[in-house]
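So the structure is just underneath, and the comments pick up after that.
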Amino acid sequence: MRGYDRSRLALALAFAALTGVATAAVGQGITEDDLATLRKTAVVDNPEPPVMRPQGNTDLRQVRNYPEQPPVIPHKIEGYQVDASFNKCLTCHSRTAIEESQAPMISITHFMDRDGQFLASISPRRYFCNQCHVPQHEVRDPVENTFVDVDSLLQDGQ
Amino acid sequence: MWSFAKRIWTTLRRPSAYFSLGFLTIGSFVAGIIFWGGFNTAMELTNTETFCVGCHEMRENVFAELKTTIHYANRSGVRATCPDCHVPHGWTDKIGRKVAASKEVWGKIFGTINTPEKFNAHRLTMAQHEWARFKANDSLECRNCHSEQSMDFTRQSLRAAEAHQRFLVTGEKTCIDCHKGIAHQLPKGVATTYPQDRGDQAADLKTYLSQ
Chain A
1 MRGYDRSRLA LALAFAALTG VATAAVGQGI TEDDLATLRK TAVVDNPEPP
51 VMRPQGNTDL RQVRNYPEQP PVIPHKIEGY QVDASFNKCL TCHSRTAIEE
101 SQAPMISITH FMDRDGQFLA SISPRRYFCN QCHVPQHEVR DPVENTFVDV
151 DSLLQDGQ
Chain B
1001 MWSFAKRIWT TLRRPSAYFS LGFLTIGSFV AGIIFWGGFN TAMELTNTET
1051 FCVGCHEMRE NVFAELKTTI HYANRSGVRA TCPDCHVPHG WTDKIGRKVA
1101 ASKEVWGKIF GTINTPEKFN AHRLTMAQHE WARFKANDSL ECRNCHSEQS
1151 MDFTRQSLRA AEAHQRFLVT GEKTCIDCHK GIAHQLPKGV ATTYPQDRGD
1201 QAADLKTYLS Q
C-alpha cells in the first residue's frame, strides 16, 4: 500500500517537474505529515471517524439562505425509495397528495422543463429530489462557514 | 401387489386379537400426538427465516432489501423476520397462508420466479396480494408488534403523530395504506392514490435518462 502511494507520489512529482510548475518543495522532499490536509491526519493514515449523528427530524422548515436555495429537508428520509420505479417523496409532496400529508407542494419550478414550459406533472429533471434537497445532521462544521446572508451584506453596506 | 393390499385390508378389518383396547386407545393417542407434533414441527420449520431465504429468489431480492431497513437492524435490537410479517399467528389463518405460500414454492420449482427478471415481472402481482391481505386483516401482522394503543404520539415525530391521529386512530386507514414498501423496494407501476405524480413517470424518465 505504502509503496504504491509512494510511487504514485513520485509520478505526480515527476509530472509537476516536467510541466514546470514544480516548486521549491520538490527539492526538499515532502514528508507524509506535510500532506495532512483538512483531514488533520497524514494521507496514509485513517483518522478516527466522527460519531455518526441521526438525521434531523424536527419537522420545522428551515430558513433559506438565498431565494434560489433548494430548501433543506426538515425530516428524516432514511429508507425513502427514490428510483425509476417509485418516488416516495411524491407520495406527500405531489400536487394531489398535499391535502392528506399537509406537506408543502413541490413548487411550480418543478413542473418546468428546461425551455420553461410547464408540464402536467413533475419534470423528469426534478424527479431525483436528493440531487438538490438534503436532510440535516446535528454536527459541528468541519470548516468555519464564512457565508454572509444578503440581508447582512446590504445592512453592512449602508 | 394386489394380494398384499388385500392382506393388509383383512388385517385391518379383523378385530384385534393381540392388543388390548386400552393399548390401542393410548397407542393411537400417542401416535396422534406424534403426527400432530410432526405436522406442527414441519410448520415451525417452514416458519423460519432460514427456510424462507433458503432459496436464492428470496435471498437475493427481498432479503437483501430487508437488510437495509429498520426491521433488520435498529436501536432496540428487535428483529422482524419474514414470517413475522407474512404468516398470521392464528392457526387456521396460518394454514391458509401456507397453502397460498406453497404457490410461491411451486413458482420456484416450476420456474415462474426463478430468475431476477421473472421475479421482477411477478413482483407487482405478489406485492398486490400482500397489500390485499394486509388491507383485509387490518394489518394484523404489523399490529402483532405495533399497537396503536401503545403509541405515544408526543414521542413521535410531528409528521407521524399528525398522520396517525388523523387517519389511524379514526380507523380511516390501516398501516399498509401509508407504509407500503416498509420492508422491500417497491416495484414499478404501483397503483397509488395519486398515480399522476408517482414513479409511473418512468416512461418519461427513461427517455430523459437515455438522453
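Read top to bottom, the protein sequences are chains A and B.
Our numbering puts the first residue of the first sequence at 1, with every later residue one more than the last.
Our numbering puts the first residue of the second sequence at 1001, with every later residue one more than the last.
A virtual CB, placed ideally from N, CA and C, is assigned to each residue, including glycine.
Output the boundary residues of the alpha helix (DSSP H) element that contains residue i.
i	result
residue 1118 of chain B	1116-1136
residue 1086 of chain B	1082-1086
residue 93 of chain A	90-93
residue 100 of chain A	98-101
residue 78 of chain A	From DSSP, residue 78 of chain A is part of no alpha helix (DSSP H); its letter is neither H nor E.
residue 1159 of chain B	1158-1163
residue 48 of chain A	Per DSSP, residue 48 of chain A belongs to no alpha helix (DSSP H) and is neither H nor E.
residue 1055 of chain B	Counting along the chain, residue 1055 of chain B falls outside any alpha helix (DSSP H), and DSSP gives it neither H nor E.
With DSSP as the reference, label residue i as helix, strand or coil.
i	result
residue 1144 of chain B	helix
residue 112 of chain A	strand
residue 137 of chain A	strand
residue 65 of chain A	coil
residue 147 of chain A	coil
residue 1034 of chain B	helix
residue 18 of chain A	Note that residue 18 of chain A scores a pLDDT of 49, beneath 50, so its modelled location is shaky; the value from the coordinates is reported in the next line. Three-state result, residue 18 of chain A: helix.
residue 55 of chain A	strand
residue 1063 of chain B	helix
residue 130 of chain A	helix
residue 24 of chain A	Any reading at residue 24 of chain A needs caution, since the residue's pLDDT is 42, under 50, leaving its predicted position unreliable; the model's value is listed next. Helix at residue 24 of chain A.
residue 86 of chain A	coil
residue 1008 of chain B	helix
residue 1182 of chain B	coil
residue 1026 of chain B	helix
residue 1188 of chain B	coil
residue 106 of chain A	coil
residue 73 of chain A	strand
residue 1002 of chain B	helix
residue 1198 of chain B	In this prediction, residue 1198 of chain B has a pLDDT of 49, which is less than 50 and means its spatial position is unreliable; what the coordinates show is noted afterwards. Correct three-state label for residue 1198 of chain B: coil.
residue 3 of chain A	Bear in mind that a pLDDT of 46 at residue 3 of chain A, under 50, signals an unreliable position, so the number given afterwards is only what the model happens to contain. If DSSP states are grouped into helix, strand and coil, residue 3 of chain A belongs with the helices.
Please compile the residues from chain B whose C-beta is within a distance smaller than 7 angstroms of the C-beta of residue i.
i	result
residue 59 of chain A	1157, 1158, 1159
So which residues of chain A does residue i contact, with C-beta pairs closer than 9 angstroms?
i	result
residue 1117 of chain B	Near residue 1117 of chain B there are no residues of chain A at all, since even the closest Cβ is about 14 angstroms away, more than 9 angstroms.
Between residue i and the ligand FAD, is the CB less than 7 angstroms from at least one heavy atom?
i	result
residue 1145 of chain B	With respect to small molecules bound, the structure shown includes none, and the ligand FAD cannot be examined in it.
Since residue i meets chain A, which of its residues come closer than 7 angstroms, beta carbon to beta carbon?
i	result
residue 1186 of chain B	81, 85, 86
residue 1190 of chain B	86
Could you tell me which chain A residues have their CB closer than 8 angstroms to the CB of residue i, listed as they occur along the chain?
i	result
residue 1162 of chain B	102
residue 1181 of chain B	81, 86, 88
Note down, in chain order, every chain B residue with its Cβ under 9 angstroms from the Cβ of residue i.
i	result
residue 159 of chain A	Because residue 159 of chain A is not part of the residues shown, which for chain A are 1 to 158, the question remains open.
Using the beta-carbon of each residue, which ones in chain B are nearer than 8 angstroms to residue i?
i	result
residue 75 of chain A	1157, 1159
Selection of the stretch 96-117 of chain A by Cβ proximity to chain B, strictly under 9 angstroms = 96, 97, 100, 101, 102, 103, 106
What residues in the stretch 1061-1072 of chain B have a beta carbon less than 8 angstroms from any beta carbon of chain A?
-> 1068, 1069, 1070
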